[in-house]
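Let me begin by presenting the structure, written as structure tokens, before commenting on it.
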Amino acid sequence: MLLVGAQADVLDYAIAIVAILSEVTPFLTMSEKINSLEKDNDDSKCDQKEKSKAEQKNQWFHPHGDVLAALVAVGANSFAGRGARGASELNACKRFCEENGLSFVVMQRIQKLRKQLAKLVKLRMPCAKGIAARTGGVMYNMPPPNRLQENILSQSVLSGFLDNVAQIAPPGSVTGDISFRLANRAYYSCNPAIVEPIFIDHNSFLFTKDFRKLPQFVCYGSLVRKPTKDGSTISCMANVTCVDQTWLGILAEGSPLLSLGEPMLSPPPTYDTKQEAVLCSISTKYGHHGWSIPPVRRVMYDYLENWKGRSSQITTRDSFRWFARALLEGKVMKELDNLPSMLNDSPAIITARKPAAKVVMLVSALADNGIDNGPALRKHWAEVNEQFLFRELKAWTNKESFDEAKRLWVNGVKHMVRCWRNNEAL
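Per this note's numbering, residue 2 is the first one in the sequence shown, and the count goes up by one each step.
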């Protein structure tokens, strides 16, 4: 988790999160709040104090869940002490905790662990960005993370708890002695060792009695057995964090929890300019129960070559089709941005598999030379033949636009060849 934080430039926040996850919740539960109230025979005063304590906790609510809520509280507690050290810092932090529904003892343990981790980070990650890596100390004026940082930190929490992901149970799937009221709020864990339904703890910021408002996917730090009103016990999730299901396929890459299946034609393959390759969507499942999650994207040709199954929809040759389309659409070379307006047909007919001689010629030329990505095309132009594909281009170009298309093409090829040779020289 610290490595992820260092790579994303949120190391100081990541240190605080590791410290938070190593402790019990810093938020006082309702029973603890009642016990902490002064004994008073006046029920109205007790109820008023109880309501005040509940409001204190609600101020820390965070839509991403308990961990980020605790992160904001830890930052505020640190700022209250302002690093004054000694009795003045302790008194300021203690007063802050009492006024805001926080456990002073837990907060002090979290702060102590933050300082220990900060010293370790300075020794092990001196090149990382942040106060801890530079000075070996903690950030006392740590502001709440912005929206981008919140997503990064939630993903870092998920990366540490990939085997503690839970999905809300489908209606009617929970049977047995569990009441209907509880069954609507049940989750199932991706961990095969946990077969019983699990629940969000009622002290969690994500807890709600309205099952329609519960997040579909969450990850949790641990499970705790708790009694119900009828005397039975259930497993409740602690330190719960909301999970965007699109993160699972990315963060769990290489994990046995992730299962990749057949290549898909919808959503359609695309040419990725960063990877300079044709990517296709892969049907993806997660966890022991095989939950369907948004498809991950992989380099099309490589995946089809190594995939042991057999697809009736897509073949390795389609990788060359999609690359040919991207090339004529100007997505492979920026010099060809204006080329589509000079063509006599839309490049989309290439992937529509319509029987046309010019489509066959272009795709066959690429397939015969094994070219379905930008680097391979640059290499072929630089080392084999600079005239490659020029004859096929003629069949696609309007007669009145041929001279301009030729100029764009020649300039693009020359630029690609220079780029290749410069990289080779380095």
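Where a beta carbon is used, it is the ideal one built from N, C-alpha and C, also for glycine.
In this structure, phenylalanine 206 and valine 244 do not form a Cβ contact; the two beta carbons are roughly 15 Å apart against a cut-off of 8 Å.
If you draw a 10 Å sphere on the C-beta of lysine 400, you find fewer than 16 other C-beta atoms in it, and that means exposed. Taken in chain order, the unbroken stretches of alpha helix (DSSP H) that lie wholly in the segment 117-145 and span 4 residues or more are 132-136. Under the DSSP assignment, tryptophan 61 falls outside any alpha helix (DSSP H); it carries neither an H nor an E label. Three or more beta-carbon pairs separated by less than 8 Å are not found between the segment 269-289 and the segment 230-244, which leaves the two stretches without contact. Annotated three-state conformation of asparagine 92 is helix, per DSSP.
A straight-line Cα-Cα distance of about 18 Å links tyrosine 302 and arginine 379. Here leucine 154 is near proline 146, since their CB atoms are less than 8 Å apart.
In this model, asparagine 59 and leucine 329 are separated by some 56 Å (Cα to Cα).
Rounded to whole angstroms, the gap between the alpha carbons of leucine 121 and alanine 187 is 40 Å. In the displayed model, valine 166 falls within a strand according to three-state DSSP.
Asparagine 424 and valine 418 have their C-alpha atoms some 10 Å from each other.
Leucine 215 and isoleucine 179 do not touch by the CB rule: their CB atoms are close to 16 Å apart, not below 8 Å. Linking alanine 184 to threonine 229 through their CA atoms gives a straight-line distance of about 13 Å.
Around methionine 343, the same chain offers Thr398, Asn399, Ser402, Glu405 and Ala406 as residues with beta carbons nearer than 7 Å, after the five sequence neighbours per side are excluded. Contact annotation: methionine 2 and glycine 76 have beta-carbon atoms that are not nearer than 8 Å. According to the DSSP secondary-structure assignment, isoleucine 153 is paired through a beta bridge with no residue. For phenylalanine 200, no alpha helix (DSSP H) encloses it; the enclosing beta strand (DSSP E) starts and ends at 199-201. Apart from sequence neighbours up to five positions away, the residues of its chain that approach serine 23 with a beta-carbon distance below 7 Å are Leu114, ordered along the chain.
Positions of the beta strand (DSSP E) runs, each at least 3 residues long and wholly inside the segment 217-268, are given as 218-220, 223-228, 234-239 and 259-265 in order along the chain. Around the beta carbon of glutamine 112, 16 or more other beta carbons sit within 10 angstroms, so the residue counts as buried.
A distance below 6 Å between beta-carbons, with the five flanking residues on each side excluded, links asparagine 374 to the following residues of its chain, in chain order: Glu277 and Ala278. Looking at the DSSP output, threonine 271 sits in a beta bridge with Leu280.
Excluding five sequence positions before and after alanine 368, the CB atoms of its chain that fall closer than 8 Å to its own CB belong to Arg318 and Phe321, given in chain order. The three-state reading of DSSP puts leucine 103 in strand, counting E and B together.
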